[in-house]
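In our numbering, the protein residues as written are 1 to 205.
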């Protein structure tokens, strides 16, 4: 009979995430991962495979537990226009609390573009698709209920919001200044309100 695993997979993947997040894929060694995960070499390889396979598992875990949970919560608890604004507020808050200026693991991974690792690229593509889908879906719902302008197609606005998300995540690593990041988001929120009788974009501090 097979012996049960003597580790918590989620905790192990969280540790791997922290390692990849700190160093990036290329600079992270299997020894780094084994030490950070507090597992034996054999246990890591048996449970997760080589570094590329572990990288894929870590990215998928991060996507589901971080971004995925945020999207599900906002879709369920906030009105369409509010969900978009709250999303960016949370992203800016998270960027400002990132004392090491590590940025977003998924965005960093997209920029690193690991060669010969299509399995990792699939996860990154899924992140980009889900982010765009969240924005487009909220825009469509907002256009339907009258809280978001219909002057631009929902598909275009969804892609624009995705671009803003990626931009502020990169910018936050170089210049982690709240007023700067908020000034990047403010115009696109105003675009959502174009033609709406009572615009809801917050005034700058």
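The C-beta atom is built at its ideal place from N, Cα and C for all residues, glycine as well.
Look at the region 55-140 and you find these whole runs of alpha helix (DSSP H), each 4 residues long or longer: 68-77, 80-96 and 105-112. Only residues of its own chain outside the window of five on either side were considered, and among them 106, 127, 130 and 131 have a CB closer than 8 Å to the CB of residue 67, listed in chain order. Between residue 36 and residue 53, the C-beta spacing is not below 7 Å. Straight-line measurement puts the Cα of residue 147 at about 33 Å from the Cα of residue 110. Residue 142 sits away from residue 187, with the two beta carbons spaced by 7 Å or more.
A straight-line Cα-Cα distance of about 16 Å links residue 194 and residue 158. The region 177-191 makes contact with the region 84-104: 3 or more CB pairs, one atom from each, lie closer than 8 Å.
Here residue 39 is buried. Its C-beta has 16 or more other C-beta atoms within 10 Å. For the set 189, 55 and 166, the Cα lying nearest the Cα of residue 149 is the one of 189. Residue 49 sits in coil when the DSSP states are folded into three classes, being neither helix nor strand. For the 7 Å CB-CB criterion, residue 25 and residue 45 do not form a contact. In the displayed model, residue 39 falls within coil according to three-state DSSP, outside both helix and strand.
From the listed residues 103, 71, 13 and 99, the smallest Cα separation to residue 166 is found for 103. Distance between residue 20 and residue 82, taken at the CA atoms: about 33 Å. The shortest C-alpha to C-alpha distance from residue 60 to any of 124, 176, 162 and 175 is the one to 124. By alpha-carbon distance to residue 136, the top candidate from 75, 121, 92 and 12 is 75.
In this structure, residue 58 and residue 100 do not form a Cβ contact; the two beta carbons are roughly 18 Å apart against a cut-off of 8 Å.
Counting of Cβ neighbours within 10 angstroms places residue 174 among the exposed residues, the total staying below 16.
Taking all protein chains shown into account, residue 77 has fewer than 16 neighbouring C-beta atoms within 10 Å of its C-beta and is therefore exposed. Spanning the alpha carbons of residue 192 and residue 72 requires a straight line of approximately 21 Å. In chain order, 80, 83 and 84 place their CB closer than 7 Å to the CB of residue 138, counting only its own chain and leaving out the 5 sequence neighbours on each side.
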